[in-house]
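What follows is a set of notes on a single structure, which appears directly below.
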Amino acid sequence: MNKRTPLIAGNWKMYKGCRQAVETAKTLLELASEVKDVDIMIAPSFTSLYLVGNILKNSNIKLGAQNICYQKEGAFTGEISTSMLLSCGCRYVIVGHSERREIFKEIDENINKKINAVINSGLIPVLCVGETEDQRDAGDTFKILDKQMELGLKDFFAEDLKNLVIAYEPVWAIGTGKTATDEQAQESHKFIREKIEAQFGKSLAETIRILYGGSVKPANIKQIMNMPDIDGALVGGASLDATTFSEVIKYK
Ligand code: 13P
123 MNKRTPLIAG NWKMYKGCRQ AVETAKTLLE LASEVKDVDI MIAPSFTSLY LVGNILKNSN
183 IKLGAQNICY QKEGAFTGEI STSMLLSCGC RYVIVGHSER REIFKEIDEN INKKINAVIN
243 SGLIPVLCVG ETEDQRDAGD TFKILDKQME LGLKDFFAED LKNLVIAYEP VWAIGTGKTA
303 TDEQAQESHK FIREKIEAQF GKSLAETIRI LYGGSVKPAN IKQIMNMPDI DGALVGGASL
363 DATTFSEVIK YK
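Residue numbers (my numbering): 123 to 374.
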């Protein structure tokens with residue numbers, strides 16, 4: 123068994139207005155406030171961050187954002203900076219989610235700039251990587267992961283990345299109910315850890331947390347968490363309901 127503290131993170135995506143977000147956060151806090159040996163994070167939409175941040179203040183549930191602008195401030199209409207996130211109480215930022223890569227055409231070079239901005243601000247980046255179904259069918263899974271890691275983490279040193287979290291989210295398993303098998307997930311997580319070792323050395327590879335994402339729910343979390351290189355989960359659909367998400371958090 124590894125010594126990495128598991129992280130269970132909820133990505134609420136573009137769901138919940140302010141009132142719903144507050145209600146869900148309050149209920150989750152009641153249900154999960156006793157959990158000690160698992161780190162917990164929820165990432166509501168930008169518009170709810172401040173309100174949810176106030177509810178989670180001084181609790182064991184940390185606040186995350188779903189995206190970030192790599193600029194510090196300025197004339198960047200519609201964008202959100204790291205200092206704005208910090209002012210809402212954020213600790214984590216999800217970067218390079220496949221929905222941003224696919225739908226909003228986010229490229230690795232910008233993801234790299236975002237990781238840099240997040241690290242420089244003291245926030246914790248959660249870098250998402252993962253292959254599409256076509257890429258997997260073509261046998262390109264490792265090639266894609268290698269490229270996303272190489273470009274996303276270009277020009278960093280190991281000491282910059284000591285808090286980095288990586289989320290492996292096979293695109294074909296997101297929101298589809300099709301979870302990767304434990305072996306498929308483990309194989310990719312092992313590849314990612316070996317890639318970290320080759321790029322940044324053994325020490326970072328041993329401590330870095332690699333989360334699995336893609337149709338994680340109470341029924342499959344325990345099995346997923348049994349895999350040696352899986353250190354937690356990034357949960358979409360099953361994080362929207364506080365009771366369901368608390369069952370994922372309490373998987374042990
Ligand atoms: P689902 O859990 O809904 O498949 O979403 C996974 C995800 O994209 C989390 O970031």
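Cβ atoms here follow ideal geometry from the backbone N, Cα and C, with glycine treated the same way.
As the structure is a computational prediction, the values presented were derived from the model and not from experiment.
Limits of the unbroken alpha helix (DSSP H) element including residue i
i, result
"ILE233", "230-243"
"GLY274", "263-274"
"ILE225", "No alpha helix (DSSP H) holds ILE225; DSSP gives it neither H nor E."
"MET347", "340-347"
Heavy atom of the ligand 13P within 8 Å of residue i beta-carbon
i, result
"LYS344", "no"
"LEU275", "no"
"LYS135", "yes"
"THR365", "no"
"VAL174", "no"
"GLU291", "yes"
"GLU228", "no"
"VAL217", "no"
"GLU221", "yes"
"VAL287", "no"
"SER155", "no"
"ILE332", "no"
"LEU356", "yes"
"SER361", "yes"
"ALA302", "no"
"ILE296", "yes"
"CYS191", "no"
"CYS250", "yes"
"GLY335", "yes"
"VAL160", "no"
Of the listed residues the options, nearest to residue i (C-alpha basis)
i, options, result
"ARG223", "LYS284, GLU291, THR169", "GLU291"
"ILE162", "ALA295, VAL144, ALA154", "ALA154"
"PRO359", "LYS125, ARG126, ALA131", "Per the sequence shown, residue 359 should be read as Gly rather than Pro. When each option's Cα is compared against that of GLY359, the closest is ALA131."
"THR366", "LYS344, PRO340, ASP351, ALA355", "PRO340"
"SER325", "ILE241, ASN285, MET136", "ASN285"
"ASN182", "LYS135, ASP159, THR329", "ASP159"
"ASP277", "GLU231, LEU267, PHE264", "GLU231"
"GLY139", "SER167, THR149, VAL157, ARG126", "SER167"
"ASP282", "GLY336, THR146, TYR137, ASN234", "ASN234"
"LYS312", "GLN345, ASP353, GLU272, LYS269", "ASP353"
"GLY297", "LYS148, SER361, PHE226", "SER361"
"THR263", "ILE314, PHE198, ILE343, LYS135", "ILE314"
Counted within 10 angstroms of its Cβ, other Cβ atoms place residue i as buried (16 or more) or exposed
i, result
"GLY244", "exposed"
"LYS184", "buried"
"PHE279", "exposed"
"ALA375", "The shown model of the chain, from 123 to 374, leaves out residue 375, and the question about it has no answer."
"LYS125", "exposed"
"LYS374", "exposed"
"ARG331", "buried"
"ILE371", "buried"
Run of the beta strand (DSSP E) containing residue i, from where it starts to where it stops
i, result
"GLY354", "354-357"
"GLY335", "331-335"
"PRO247", "246-251"
"ILE216", "212-217"
"ILE288", "287-290"
Check: residue i C-beta below 8 Å from any heavy atom of the ligand GTP
i, result
"HIS219", "Within the structure as shown, the ligand GTP is missing, the only ligands being the ligand 13P."
Please go through the segment 123-170 and give each complete beta strand (DSSP E) segment of 3 or more residues, from N-terminal end onward. 129-133, 161-165
In chain order, which beta strand (DSSP E) runs of at least 3 residues are fully inside the segment 173-208? 183-187
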